[in-house]
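Residue numbers (the working numbering), protein chains in the order written: chain A, 52 to 411; chain B, 52 to 411.
Virtual Cβ for every residue (Gly too), placed ideally from N, Cα, C.
Predicted, not measured: the structure shown is a model, and the values here were computed from it.
This report concerns only the one structure given below.
Right, dumping it as structure tokens:
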């Protein structure tokens, strides 16, 4: 059973003597039959914990520098209206006790901890974000990754790979961006997709009548999950691994790319829908950058001299990771140029950078 | 000084005996010199509070139904690397102690409580969301409202009125949606904007060479703030209250609309950029709905028979508020029809409904 964690914080224009407000606050708790423990903080303000029935816990802190924080934890099956009333009463009492001294009252949505369905998926740049996810639609551990498809009220189903939000049914903007934002003409062209197991790019591409699309997706279980649960993204395109102008090879793209290089095969477009730019720049992540450069190098080798390579980058706020990626572009075995675009992908809750790369 | 609040939660496949893990966990805290208090929870699991130096506080709960929660509070100027190490050590120890019994480990971004600049602006549908806001650019209390302009790394400056995110410099999508999503031809037309003090609609409209745009914005201080700090939205359009094809009247729109009705004046387009649909459906909010209906009724009276009325609705998840709004459309003094569109406005972090209304 989940734990609901409420917070109520008051920022003050001046420090307040805890003796002036604590009795009033404790009186609000009186009818809740909670056991109060006052702790010694060695001069860091007033701190009391209150333990009540049904696993309720409150923490009352009057910090020594003009801040009052209250935490309230209860179980999901508690009387939530009563909890709400308690918080209302505390807020009301504090407004009276601190009259004129309050610069901000902040009462955040309750954190729901240990819920069956997890709604918290922080952004890539490390900010808290809560999704309107109400159920898990699909969950599998494949040989390669943990695959989840979660249902969001507003975004439709969301594909999550190893804990990373990949794509939601609302995210046509992602697919359009990684296809060149409507500025390309794919008719009669040879296209290679790396990854793309959700089928979004493939489904949009076939509408443009290219000569042939080859998609290299390593994970059959991603295809299986998306085929059933991400139809807002892939339509019926994943129902068959082959069609008039496309083929899906369920294979690791690296050996296939190497084979294409050997055969001298080229493509007008290579769309890399594999992984985001590695976030960490730690030494142990070197292998990720190496992998990324390997893919880039192989892709350039199979790219027609006048062809284009599209890929997603990362959150616009991860400036260091983006710079490192751009550095990699300077280290390839052939000279390339690139442009980038910032796009709003609805379910990401952060702006995202997409790259276009071409041979100089 | 802000309080940083860390959480570390482990969901378990089966309940665990606290005696099996508590000593191990407490040993991790040992070198932190914290004073432990074990509380009586009347059968609701194990609960200990640990109070340390510099105002540090930890709460350790082993719930009786397969959940372990740890809270850790410290001040912003604490040794945050040490705090991180402590959390890492706790997580590592728990993984060993609960080996095979863990279904989820969740360590959320730290909540920053009582910070000088508030980064938490929950969505309209009540979800936690943290913005990448790093400074307050403008703050004024006008006769009508509290006006803030906050700087976001990714969204540019954000206008916040009475605590509601109104528009960011990144949000051209909002302006385009409330102008009919590029499907209208404003050339040579008479347009009325209600509100719109950020200047976004006005700046986009003038590009289309309408005959005349009249904008009714009540709050000079919104105009002043946006003129200086929202230039990504308004450009230089707010530098003058009058231009070749526009005039801004700094007035309450209601008496002006009434005057227009009396004069028999009509517009080809009325764009209501005033307030969102009231969220609450409580009786005390009746006046908000009445105000909304008054504006709608007056707008319809000044709307040319073949004209269009555009307005924002609300979060797509607030289905009840949206239904109530649509009900209001059936209660107007003239018969109307409407269509709606769901749009992703980058800084909103939730999908938003926009309405087009016209006379039947």
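For this session: Run the CB neighbour count on residue 352 of chain B, radius 10 Å, all protein chains shown included, and call it buried at 16 or more, exposed below.
Result: buried
Problem set entry | Residues from the segment 96-114 of chain B in contact with chain A, defined by Cβ distance under 8 Å | 96, 98, 100, 102, 104, 105, 106, 108, 110, 112, 114
Exercise. Of all the CB atoms in chain A, is at least one closer than 8 Å to the CB of residue 202 of chain B?
Worked result: no
For this session: Apply the 10 Å Cβ neighbour rule to residue 345 of chain A and answer buried if 16 or more other Cβ atoms are within range, or exposed otherwise.
Result: exposed
Exercise. Which stretch, first to last residue, makes up the beta strand (DSSP E) that contains residue 93 of chain A?
Worked result: Premise fails: residue 93 of chain A is in no beta strand (DSSP E) and is neither H nor E.
Exercise. Beta carbon of residue 200 of chain A, beta carbon of residue 189 of chain A: below 8 Å?
Worked result: yes
For this session: At 3 residues or longer, and completely inside the segment 330-386 of chain A: list those beta strand (DSSP E) runs for me, N to C.
Result: 354-366
Problem set entry | Residues that residue 12 of chain B contacts on chain A, provided the C-beta gap is smaller than 9 Å | There is no way to answer for residue 12 of chain B, as the model of chain B reaches only from 52 to 411.
Exercise. Of the choices A:169, A:64, A:296, A:168, whose alpha-carbon is the least far from that of residue 152 of chain A?
Worked result: A:64
Exercise. With which residues is residue 304 of chain A paired in a DSSP beta bridge?
Worked result: Beta-bridge pairing links residue 304 of chain A to no other residue.
Problem set entry | Beta-carbon neighbours of residue 395 of chain A, restricted to chain B and to distances below 8 Å | 221, 224, 395, 397
Problem set entry | Through-space distance from residue 180 of chain B to residue 400 of chain B, alpha-carbon basis | 8 Å
Exercise. Short check: CB of residue 198 of chain B to CB of residue 209 of chain B, under 8 Å?
Worked result: no
Exercise. Which bits of chain B does residue 400 of chain A rub up against, with CB to CB less than 8 Å?
Worked result: 180, 400
Problem set entry | Inter-residue spacing [alpha-carbon to alpha-carbon] between residue 339 of chain A and residue 376 of chain A | 11 Å
Problem set entry | Whole-angstrom distance between residue 405 of chain B and residue 423 of chain A, CA atom to CA atom | As displayed, chain A neither begins before 52 nor continues past 411, which places residue 423 of chain A out of reach and without an answer.
For this session: For residue 103 of chain A, collect the residues of the same chain with a Cβ closer than 7 Å to its Cβ; drop the 5 residues on either side in sequence, then sort them by chain order.
Result: 83, 84, 85
Exercise. Got a sec: which bits of the segment 162-173 of chain A sit with their beta carbon under 9 Å from any beta carbon on chain B, in order along the chain?
Worked result: 162, 164, 165, 166, 167, 169, 170, 171, 173
For this session: Determine the chain B residues that contact residue 266 of chain A at a beta-carbon separation under 7 Å, and present them in chain order.
Result: Chain B residues near residue 266 of chain A: none, gap ~27 Å exceeds 7 Å.
Exercise. Name the DSSP bridge partner or partners of residue 179 of chain A?
Worked result: DSSP, once it has assigned bridges, lists no residue as partnering residue 179 of chain A.
Problem set entry | Inter-residue spacing [alpha-carbon to alpha-carbon] between residue 305 of chain B and residue 280 of chain B | 28 Å
Exercise. Do you know whose CA, among B:161, B:363, B:162, B:142, lies nearest residue 155 of chain B's CA?
Worked result: B:142
Exercise. Going straight from the alpha carbon of residue 403 of chain B to that of residue 297 of chain B, what length do you get?
Worked result: 28 Å
Exercise. In terms of alpha-carbon separation, which member of B:372, B:386, B:381 lies closest to residue 175 of chain B?
Worked result: B:372
Exercise. If we cut at 8 Å on Cβ distances, does residue 281 of chain B have a partner in chain A?
Worked result: no
Problem set entry | Rounded distance between the beta-carbons of residue 294 of chain A and residue 257 of chain A, thought under 8 Å | 7 Å
For this session: Note down, in chain order, each residue of its chain lying with its Cβ closer than 6 Å to the Cβ of residue 171 of chain B, except the 5 sequence neighbours on either side.
Result: 181
Exercise. Rounded to whole angstroms, how far is the Cβ of residue 324 of chain B from the Cβ of residue 252 of chain B, which I believe are closer than 8 Å?
Worked result: 6 Å
For this session: Note the first and the last residue of the continuous alpha helix (DSSP H) segment covering residue 285 of chain A.
Result: 282-285
Exercise. What residue from B:196, B:397, B:382 has the CA that sits closest to residue 270 of chain B's CA?
Worked result: B:196
Problem set entry | Reduced DSSP secondary structure (H/G/I, E/B, other) of residue 135 of chain B | helix
Exercise. Whose CA, out of B:90, B:101, B:93, B:67, lies closest to the CA of residue 77 of chain B?
Worked result: B:101
Exercise. Got a sec: which bits of the segment 362-389 of chain B sit with their beta carbon under 7 Å from any beta carbon on chain A, in order along the chain?
Worked result: 367, 368
Exercise. From residue 254 of chain A to residue 133 of chain B, what distance separates their C-alpha atoms?
Worked result: 49 Å
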